[in-house]
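*Asks:*
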Amino acid sequence: NACGACPGSYCYEEDWNQPSDCNAPGRQCDGVEPDPGDPDSITLGQGTLRTPFIYLAVNERDQVAKLDTVDGHRYWLAASHGDDPSRTAVALDYSVWVANRGSSNIYDPLLSNVAHLNSEDGSLICRGDAPGRARGVAIDGDGNVWVGTWEGQTLYQFSGSEVVQSGCASPPCCRLLRSIPVNTSIYGLAVDGNGYLWSASGTSHSHTTNNTVKVDTRTGTVEYVSNPSWYGIAVSPVDGKIWFGSWWGTGCVHSLLPTAPYTVMNSQACGGHVTGVTVDSEGIVWASSYDLNVLYKIDPTTGQILCTIPVPMTGPGATDARGVAMDAANKVWVVQRIGGYAHRFNRDCTFDQTYVVEHGAGMYTYSDMTGSQLRTVTTREGHWIQNFDSGYPSPIWHSATWTATVPAGTSVSVSFVAADTEGGLVTNPSPRCGPFTTSPADLRSCAGIQGHRWLSADVMLSSTQDGARPTFSDLQVFWSR
1 NACGACPGSY CYEEDWNQPS DCNAPGRQCD GVEPDPGDPD SITLGQGTLR TPFIYLAVNE
61 RDQVAKLDTV DGHRYWLAAS HGDDPSRTAV ALDYSVWVAN RGSSNIYDPL LSNVAHLNSE
121 DGSLICRGDA PGRARGVAID GDGNVWVGTW EGQTLYQFSG SEVVQSGCAS PPCCRLLRSI
181 PVNTSIYGLA VDGNGYLWSA SGTSHSHTTN NTVKVDTRTG TVEYVSNPSW YGIAVSPVDG
241 KIWFGSWWGT GCVHSLLPTA PYTVMNSQAC GGHVTGVTVD SEGIVWASSY DLNVLYKIDP
301 TTGQILCTIP VPMTGPGATD ARGVAMDAAN KVWVVQRIGG YAHRFNRDCT FDQTYVVEHG
361 AGMYTYSDMT GSQLRTVTTR EGHWIQNFDS GYPSPIWHSA TWTATVPAGT SVSVSFVAAD
421 TEGGLVTNPS PRCGPFTTSP ADLRSCAGIQ GHRWLSADVM LSSTQDGARP TFSDLQVFWS
481 R
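Per our numbering, the sequence shown starts with residue 1, numbered consecutively.
#1: Going by Cα to Cα distance, which pick from 222, 270, 119 is closest to residue 156?
#2: Specify, as a first and last residue, the run of the beta strand (DSSP E) that residue 425 falls within.
#3: Could you have a look at residue 257 and say whether DSSP puts it in helix, strand or coil?
#4: Quick test of your reading: residue 90 and residue 460, contact by CB under 8 angstroms. State the CB separation rounded to the nearest angstrom.
#5: Can you pull the DSSP bridge partners for residue 399?
#6: Where does residue 447 sit, in a helix, a strand or coil, going by DSSP?
#7: Thinking C-alpha only, which one of 128, 136, 464, 138 is nearest residue 175?
#8: When DSSP builds the beta bridges, which residues end up paired with residue 139?
#9: Going by the DSSP bridge assignment, what does residue 359 pair with across the sheet?
#10: I need the DSSP call for residue 377, collapsed to helix, strand or coil.
#11: Just reading off the beta strand (DSSP E) that residue 238 is part of, what are its end residues?
#12: If you draw a straight line from the C-alpha of residue 385 to the C-alpha of residue 210, how long is it?
#13: Less than 8 angstroms between the C-beta atoms of residue 322 and residue 344, yes or no?
#14: Comparing alpha-carbon positions, which option in 274, 458, 233 lies nearest residue 138?
#15: Can you give the Cα-Cα distance for residue 348 and residue 427, rounded to whole angstroms?
#16: Pick from 305, 363, 404: whose alpha carbon is nearest that of residue 63?
#17: May I have the straight-line CA-CA distance separating residue 470 from residue 382, to the nearest angstrom?
#18: Residue 59 by DSSP, collapsed to three states: which one?
#19: For my contact list, residue 355 and residue 31 are in at a C-beta cut-off of 8 angstroms; report their separation, rounded to the angstrom.
#20: Is it right to say residue 502 is buried, meaning 16 or more other beta carbons lie within 10 angstroms of its own, or is it exposed?
#21: Excluding five sequence neighbours on each side, which residues of the same chain lie with their C-beta closer than 7 angstroms to the C-beta of residue 452?
#22: Measuring alpha carbon to alpha carbon, tell me which residue in 361, 224, 247 is nearest residue 315.
#23: Report yes if the C-beta distance between residue 225 and residue 212 is below 8 angstroms; otherwise report no.
#24: First and last residue of the beta strand (DSSP E) that includes residue 214?
#25: Answer yes or no: do residue 296 and residue 273 have a C-beta to C-beta separation smaller than 8 angstroms?
#26: DSSP state of residue 413, grouped into three classes?
#27: CA-CA distance, residue 132 and residue 82?
#28: Roughly how many angstroms separate the alpha carbons of residue 42 and residue 412, rounded to a whole number?
#29: Give the single residue among 476, 11, 189 whose Cα lies nearest to the Cα of residue 439.
#30: In the DSSP assignment, what residue or residues form a beta bridge with residue 296?
#31: Taking residue 462 as part of the beta strand (DSSP E), name the residues at either end of that continuous run.
#32: What is the rounded straight-line gap between the Cα of residue 110 and the Cα of residue 173?
#33: Which term fits residue 378, buried or exposed, when burial requires 16 or more other beta carbons within 10 angstroms of its beta carbon?
#34: Go ahead and label residue 358 buried or exposed: buried means 16 or more other beta carbons lie within 10 angstroms of its beta carbon, across all protein chains shown.
#35: For residue 98, tell me which candidate among 55, 380, 410 has the shortest Cα-Cα distance.
#36: Judging by CA-CA distance, which residue of 260, 277, 281 is the nearest neighbour of residue 288?
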C-alpha cells in the first residue's frame, strides 16, 4: 500500500487513551463522566437522550405523526394500523410503538392492538393483538413492549425485535411473550430503573384500593399497590418515585415511593383536572391541566407549584392541554387534544414555540412520546463521540480496539460513520458501521466507510439496572492509505 506495507496490513494507528477529557479536539460527551475508580475511563453519568423527535397519536384520523423537536417540521404522517390511537412509546432504535384503543369495536384485534412503526417512514414492522381497548404502552429495559387494556384488564408483553407470521389477526405479528390478567383497568404504563412496570389503573378513575399494578418485567410477578388517584404516569430519573396526574384533586400531582410502604406525597393543590405528567432530568415535575389549558412546574420535594404557564390553544375548536413530555434539549412539550397543534416551553417557565401537527385534527397523546423516560429512567444511556481526520482523501479503515467492563444489566457498543469533511459526519455521513459489542471490530467489513477522510466513533454506554454502570477506555483505530 501507499505506506510500504503489504496489502491488507494497516500502517497507522490513532489511540485515545484518555476518553474522560471531554474537551479534547473532535470530542463530544453526552451523559458520561470519568469513572471514579479509573479517571482515564468513562462511565455513565447523568441520564441523557439523543432522540430529537416526538411521535403524536392523531387519534381522529387513525394516524401517527413524527415531528422534529428542534424545528418542529413534520417528517411523516402514517397509519396507526388500528383504530383511535392514544399512546406512543419510542424505542432505542427510534422506532415507535402505538397503542390503538379500537373504539369502533374494542374487542376486534384489527382495531384494538399495538403497532410497531419504522422510524424512517412510519411503515408497519409488526402488529400485536390487544383486544379490550389498548391504552397503556411502555418499553422495558430489555426492549420488550408492554400493552395494557381498559375493558380487557390484561397486560401483554411483546418482543421488541421478533416478527412472526402467525399469532395475530393480521401478520406480520409482533411475537407475544406473555399475557397477564390483572383484574383492573389499565390506563397508562411506565417502567422504572429496576425493571418494574407500573400502571395508572383502576375503574372509572375511582378505584383506589390495590389498583396500581407493579410487575416484575423479567418474571411477570404481579403486586398490587393502593393509589389515591391517577391519570398520566411517569418515573423520576433522580429518585425513582412514581408520579401520577391527580384526576380527583389530591393535588396537581402526587407520587408513590417505588418500594413498600409506597408512601404517597401530594403536591400543592391546583385547579383543573391534571392529565399528562412527566419528570425532567433534574427531577422537576411537569403536568398539564386539560380543562384550564395550563402547564404546571412542580417542586418534587415540597410539592410547591413553581409556575403556571398558559398553553396558547391554536386551531379550530382548540382546547384541552392533554399530554406533556420532555425533549432532547430538555424542553417541555404540551399536546392539545383538539385543534391539531403542539407547543414547546422552556424550563424557565417561558413559552417557546407552537407547531402545527395536523390542522384541525384530534391528538389524544400523553405517554413517553419522545422516549425521554426510556432513556433517562428505564435504560440509562450515554454517548462518547470522537471525530478523527486521517489527513488523506482515500484512507482504508482496518479495525478498532477498545477496553470495556460490562456488568450484568449494562452494555457498551461502538459504531462508526465516515465522511469527506468533518461537517459531513453530521450532514452527509456514510452508512453506519456497527454497532460492535466486542473488541476488536473489523472495519473492513463496512464498505460504506472506506475512502472517506474523516471517521467518527460513537460509543454508547447503557444500563437497565440502578447502580450498575459499564466503563470504557483505550479506543484505537488502525488504518492505511
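Note that CB positions come from ideal geometry on N, CA and C, so glycine has one too.
*Replies:* If we stick to the structure as given:
#1: 222
#2: Premise fails: residue 425 lies in the alpha helix (DSSP H), 424–427, not in any beta strand (DSSP E).
#3: Coil.
#4: Wrong, their Cβ atoms sit about 16 angstroms apart, outside the cutoff.
#5: 442, 478
#6: helix
#7: For the set 128, 136, 464, 138, the Cα lying nearest the Cα of residue 175 is the one of 128.
#8: 145
#9: When beta bridges are read from the DSSP output, residue 359 appears opposite no residue.
#10: helix
#11: Looking at the DSSP string, residue 238 is not in any beta strand (DSSP E), and its letter there is neither H nor E.
#12: 46 angstroms
#13: no
#14: 233
#15: 31 angstroms
#16: 363
#17: 10 angstroms
#18: helix
#19: Rounded, the Cβ-Cβ distance is 26 angstroms, inconsistent with contact.
#20: For the chain, the structure presents residues 1 to 481; residue 502 sits outside this window and is missing.
#21: 418, 419, 420, 430
#22: 361
#23: Against a cut-off of 8 angstroms, the Cβ pair of residue 212 and residue 225 comes out as a contact.
#24: 212–216
#25: Residue 273 is positioned such that its CB atom lies no closer than 8 angstroms to that of residue 296.
#26: strand
#27: 13 angstroms
#28: 11 angstroms
#29: 476
#30: Its beta-bridge partners are 287, 308.
#31: 454–463
#32: Approximately 12 angstroms between the Cα atoms of the pair.
#33: buried
#34: buried
#35: 55
#36: 277
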